[in-house]
Amino acid sequence: MSLASVYLNRDYITQSAPAEPNAKASPNYLNHAYGWQSWLLTIDHKRIGLLYMLSVTGFFLIGMAAAGMVRYDLLKPSGMLEADIYNRMFSAHGIVMTFFFLIPAIPGIFGNFFIPLMVGARDLAFPKLNLASWYIYMIGGAFGIWAILNGGIDTGWTLYPPYSSKSAATNVAPVAVSIFITGFSSILTGLNIVVTVHRMRAPGMTWMRLPLFVWAIYATSLIQLLSTPVLAVTVVFLGVERLTGVGIFDPALQGDPVLFQHMFWFYSHPAVYIMILPAMGVINEVLTCFSRKNIFGYSAVVFSTLGIAFAGFIVWGHHMFLAGEGYYPALIFSFLSFFVAVPSAVKVFNWTATLYKGSITFSAPMIYAVGFIILFMIGGLTGLFLSNLGSDIHLHDTYFVVAHFHYVMVGGMVLGYFAGLHYWWPKITGRMYNEWWAKFSAITIMVGFSFTFLPQFYLGYLGMPRRYASYAPEFQDLNVLSSAGSTVLAVGYIMPLFYLIHSLFFGKIATSNPWGATGLEWQTPSPPSPHNFDKTPIVTCGPYEYSLTPEEAKAMAQAGGKH
Amino acid sequence: MIFAQIPLPTPRASSQGAEIDDIILATTLVTGLAFVLVTAVLITFCFLYRRRSEDERTPRILGSTVIEIIWTTIPFLIFIAFFVWGIKIFQVHLTPPDDAMEINVVGKQWMWKVQHPEGEREINSLHIPVNRAIKINLTSEDVIHDFGIPAFRNKIDAVPGRTMSTWYYPTEVGVYHIFCDQYCGQGHSAMVGKVYVMEQKDYEEWSKAHAEGSLALEGRKLFLKLQCISCHSNNSGARAPVLEEIYKKRVPLQGGGEVIADDSYIRESILYPLKKVHEGWQPIMPSFLGQVSEDDLVKVIAYIKSLRRGDIPVRTEQFYPPIGAPTQRTEVQSPKTNTENSAPKESVPKNTPKESAPKGGK
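Line by line, the protein sequences are chains A and B. For what it's worth, our numbering labels the leading residue of the first sequence as 529, then goes sequentially. For what it's worth, our numbering labels the leading residue of the second sequence as 3, then goes sequentially.
Right, dumping it as structure tokens:
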């Protein structure tokens, strides 16, 4: 038997998944029940994951449309749209993308779907709560979209008072309510995952044998649990001030506007890590699989994940260096912001080292993963300009900031999301997508993305401020370049919609483990059966033993080898 | 000043600007080098270790504590260096020298109101002398704004209820952008202005013409009060010549001939406007004979003499409210009695508060 086939059928983790190709014979989670009730009232984590996938995709398209309007407006210095419309568009883009796409996407879809499979459990700890989270998310989301379409909001996603509490004549209160509602979904999902990881790991699945994706989602869930309540309090305060005139943030009412910024960023900075950590988790899974290597420095990656989650809570003040937070706070927050950059750097080094002496193939997920590392590195390194008290004076609130966080959010989180989507698509749907189109769209996204956001770094250095509906004529060339890039990016985003849907009907049937991966989720049929595992798996080794054959792994486990 | 020799893509006109450009360039070089190195290694690995056969085995490498410590420590030390450098610049940004000239700036939706130490006031422009420390005391009347001057590599938030301060030491004469860098509503992108860095003597001259109590500034008030601005405006639909830089220039007259626009011609034109009409304009100006005292006439003439390119206010601009006063309502102090008696018949519709703010966006 060739080694390749051994890889494709590795079964060294004791459990009895049905052997290929009799997946058809036993029902899977998609075909064991039919009808809308079986979906809308389901408590199966896999089906809820798919519900998230549908709704997240919808919100993503709405956010994308708003971004398209923003880039359209900036084609000429005087702006193509009314300033009022432009302000509503960038606000809608920020709010929809942040609260309804970036935060719930990976934990909601892949977290739901794969955490139980990866830890060897039948479901999440609280399946009904899980469904409730989705409904809360949908209610909050629908309310937000209604507020945005019905007059809109023009405060930006940051909702800074006193503009938002006094001045803005738009739907600030409804959007605040929608953010408040959606926050509960985030908290409950986090709670569910934390309990699942603590209580429902299969025998032998020790903490240091957890797949790094599980670690990442676990750390994310902790942040969600601890920080989202602060956001809830903040938007309640904002709503109270706006509706009743009780002074909290407005200095005309004896309030303090900088207090809002402290509270808002106390959530919203950790929220950046809610967005990026899950994507980093996906990258660990994809890189090890397509290079057939153990992750380099498993514990270093785990501790950097926890380190980022922790340090993410103590850097919020770097958004307010120039907002009057004071000299010493600025000093401390600047230092801590440099500090939080270290674990991110460590992760990049570990990923790179993982490839050393690997056996690397470039399937679509791997192309996304390598793209992620490169673009995320640009996002992370440009953050150093902004954590620095000196250079931040000039770059703060300019397009440099816009480019920086899009490199982290899009170059990081969105590419990580697409890497995960392509990696797990065969498992989720039981079908293979067209590899050529997947690679083509990956390249298109990266090229379009770079043309959109690289010029913005330079625009920021030249001094173009954020959130300008019209701008000085000397900035036009770079803006046109950026807008042109964004159309390429949009094409790249739309392509997966077509070839992935196409694959549902015409794609090749996927085997249970098409990539030859080691994770427990690949030991189930594709798509998995409704109850995940026929027999509770027993885990005997770490998650990434790609360099061992099943026999060697077994022998090592019996000898009590490392992990 | 390490990188002082490198040509700049964008103007830089303050002493702190050089420091900030240095740190930006240094960070770019260091992070750029790190990026290139890691990317090169990544791509080399991708190429070197591409899968050549399905039977390939890989070595079981679990990591190395030594390597982890090295690549945790080195970035950390580099970061500390940049952090310390940054503090130095930030400290300078926040501590103006004692002898700095203080200028008060108030942000409001959507304009910058500037008040100089001698009482000169301006809107959306800031005239300052070169080679002299300028301290800005900044606040806001309504929402949070941010007073940013990219050419000075400087910005600071204007927070209502607080006085923020920063300072510059302008080094290059010129005209540069002022941007509002903190989103403040509909007119955010229109909340822009110009900073004019002038030679000391030009600044003094400008200052004299704009100081509180100066003839020219008093004349400016009269120019607005008497509704001269209704027709002598910079608007495209103006019904009378723009008076900027007209003093001592040759004025072509209707029916041929020309005249030098000196004190006496300006005076004559105010009192007997139809005597010598500027070529190309309708003879529609009413006479102000008996409506302006001699004292006031001197002031108006002084104002017209002081007008430089771009000095004529837009038609809708009214009196400056006192800095820090609640606005909107007090903005329009329409001088009722005067207007009714002396304003030209075809005077434009009364200015409303809404009009008096620059339109947002476009």
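Every residue, glycine too, gets a C-beta built ideally from N, C-alpha and C.
* **chain A contacts made by the segment 166-193 of chain B, where a contact means CB separation under 8 angstroms** => Here the close residues are Met-166, His-179, Phe-181, Cys-182, Asp-183, Gln-184, Tyr-185, Cys-186, Gly-187, Gln-188, Gly-189, His-190, Ser-191 and Ala-192.
* Whole alpha helix (DSSP H) runs in the segment 812-899 of chain A with 4 or more residues, listed along the chain? -> Within the segment 812-899 of chain A, complete alpha helix (DSSP H) segments of at least 4 residues are found at 826-839 and 855-883, given in chain order.
* If we count the other Cβ atoms within 10 Å of its Cβ and call it buried at 16 or more, is Glu-201(B) buried or exposed? -> Under this definition Glu-201(B) is an exposed residue.
* Straight-line CA distance for Glu-120(B) to Ala-997(A)? -> Their Cα atoms are separated by approximately 36 angstroms.
* Asked: Would a check of beta-carbon distances place Arg-727(A) closer than 9 angstroms to chain B?
  -> So no, Arg-727(A) is outside the interface.
* Contacts that His-950(A) makes with chain B (C-beta to C-beta distance below 8 angstroms) -> Neighbours of His-950(A) on chain B: none; closest Cβ ~18 angstroms, over 8 angstroms.
* To do: Name the residue from Pro-893(A), Gln-1051(A) and Phe-1061(A) whose alpha carbon lies nearest to the alpha carbon of Trp-964(A).
  => The shortest C-alpha separation from Trp-964(A) is found at Pro-893(A).
* Residues within the segment 859-887 of chain A neighbouring chain B, beta-carbon criterion of under 7 angstroms -> Under the 7 angstroms Cβ criterion, the segment 859-887 of chain A contributes Leu-859, Ser-862, Phe-863, Phe-866, Ala-869, Val-870, Ala-873, Val-874, Val-876, Phe-877, Thr-880, Leu-883, Tyr-884, Lys-885, Gly-886 and Ser-887.
* **In DSSP terms, what Lys-137(B) is bridged to** => DSSP output for Lys-137(B) lists Glu-104(B) and Trp-169(B) as bridge partner(s).
* Inside the segment 691-722 of chain A only - beta strand (DSSP E) runs reaching at least 3 residues -> None, since the segment 691-722 of chain A contains no complete beta strand (DSSP E) of that length.
* Asked: Once you ignore the five residues that flank Ser-266(B) on each side, which residues in its own chain have a CB closer than 6 angstroms to its CB?
  -> Within the same chain, Ser-266(B) has no close Cβ partners at all.
* So, is Glu-1(B) buried or exposed, given that buried needs 16 or more other C-beta atoms within 10 angstroms? -> With chain B represented from 3 up to 364, any question about residue 1(B) goes unanswered, as that position is not in the structure.
* Determine contact between the segment 966-982 of chain A and the segment 933-943 of chain A, defined as no fewer than three beta-carbon pairs at a distance below 8 angstroms. => Yes, the segment 966-982 of chain A is in contact with the segment 933-943 of chain A.
* To do: Could you run through the segment 911-936 of chain A and flag, in chain order, every residue whose CB is less than 9 angstroms away from some CB of chain B?
  => Listed by position along the chain: Leu-912, Phe-913, Ser-915, Asn-916, Leu-917, Gly-918, Ser-919, Asp-920, Ile-921, His-922, Leu-923, His-924, Asp-925 and Thr-926.
* Taking Gly-88(B) and Ser-919(A) to be in contact with their CB atoms under 8 angstroms, please state how far apart those CB atoms are, rounded to whole angstroms. => With 8 angstroms as the limit, Gly-88(B) and Ser-919(A) qualify as a contact, their Cβ atoms being about 7 angstroms apart.
* Asked: If we cut at 9 angstroms on Cβ distances, does Met-905(A) have a partner in chain B?
  -> When Cβ-Cβ separations below 9 angstroms define contact, Met-905(A) makes contact with chain B.
* Would a check of beta-carbon distances place Pro-555(A) closer than 9 angstroms to chain B? -> Closer than 9 angstroms: no.
* Does any residue of chain A bring its CB to less than 9 angstroms from the CB of Asp-1(B)? -> Nothing can be reported for residue 1(B): it is not among the residues displayed for chain B, which extend from 3 to 364.
* For Ala-36(B) and Leu-909(A), believed in contact at Cβ under 8 angstroms, the rounded distance -> Indeed they touch by this definition, with Cβ atoms about 7 angstroms apart.
* Spatial distance of Asn-1029(A) from Asn-962(A) (CA atoms) -> Before going further, note that residue 1029(A) is Ile rather than Asn in the sequence given. Taking the straight line from one Cα to the other gives about 11 angstroms.
* Determine the burial state of Asn-289(B): buried for a count of at least 16 other Cβ atoms within 10 Å of its Cβ, exposed for fewer. => According to the sequence displayed, residue 289(B) carries Ser and not Asn. Ser-289(B) is exposed by the Cβ-count criterion.
* With burial defined as no fewer than 16 other Cβ atoms inside 10 Å of the residue's Cβ, what is the status of Val-898(A): buried or exposed? -> Counting Cβ neighbours within 10 Å, Val-898(A) comes out buried, since at least 16 surround it.
* Could you name the residues that DSSP lists as bridge partners for Leu-128(B)? => As a beta-bridge residue in DSSP terms, Leu-128(B) pairs with Val-197(B).
* Asked: Quick one: is Lys-1036(A) near chain B, going by C-beta distance under 9 angstroms?
  -> False, the Cβ-Cβ gap to chain B never drops below 9 angstroms.
* Asked: Using DSSP with H/G/I as helix, E/B as strand and the rest coil, what is Arg-255(B)?
  -> The sequence as given places Leu at residue 255(B); Arg does not occur at that position. Here Leu-255(B) carries a strand assignment [DSSP, helix/strand/coil].
* To do: Quick one: grab the DSSP three-state call for Lys-656(A).
  => Helix.
* To do: Show which residues of chain B have a CB atom less than 8 angstroms away from the CB atom of Leu-1025(A).
  => What Leu-1025(A) touches in chain B, judged by beta-carbon distance under 8 angstroms, is nothing: the nearest beta carbon there is about 28 angstroms away.
* **Cβ pair Lys-955(A), Ala-1038(A) closer than 9 angstroms** => Cβ distance < 9 angstroms, so Lys-955(A) and Ala-1038(A) count as in contact.
* So, is the C-beta of Leu-1076(A) closer than 9 angstroms to a C-beta in chain B? -> For Leu-1076(A), the closest Cβ of chain B is nearer than 9 angstroms.
* Taking C-beta pairs closer than 8 angstroms, name the residues in chain B that Lys-527(A) reaches, listed in chain order. => Lying before the first or after the last residue shown, residue 527(A) is absent from chain A, which here runs from 529 to 1091.
* Asked: Under three-state DSSP, which class holds Gly-88(B)?
  -> Note: Gly-88(B) maps to helix in three-state DSSP.
* Going by Cα to Cα distance, which pick from Thr-972(A), Leu-677(A), Phe-1003(A) and Met-960(A) is closest to Phe-1034(A)? -> Closest in alpha carbon position to Phe-1034(A), among Thr-972(A), Leu-677(A), Phe-1003(A) and Met-960(A), is Met-960(A).
* Do we get a CB-CB distance below 9 angstroms when we pair Ala-153(B) with the residues of chain A? -> With respect to chain A, the C-beta atom of Ala-153(B) has a partner C-beta closer than 9 angstroms.
* Would you give the residue range spanned by the alpha helix (DSSP H) that Met-592(A) belongs to? => 573-601 is the extent of the alpha helix (DSSP H) around Met-592(A).
* **Ala-649(A), enclosing alpha helix (DSSP H) - first and last residue** => Taken as a continuous stretch (DSSP letters only), Ala-649(A) belongs to no alpha helix (DSSP H), as it is neither H nor E.
* Are there 16 or more other CB atoms within 10 angstroms of the CB of Leu-374(B), so buried, or fewer, so exposed? -> Outside the displayed span of chain B (3 to 364) sits residue 374(B), for which this structure offers no information.
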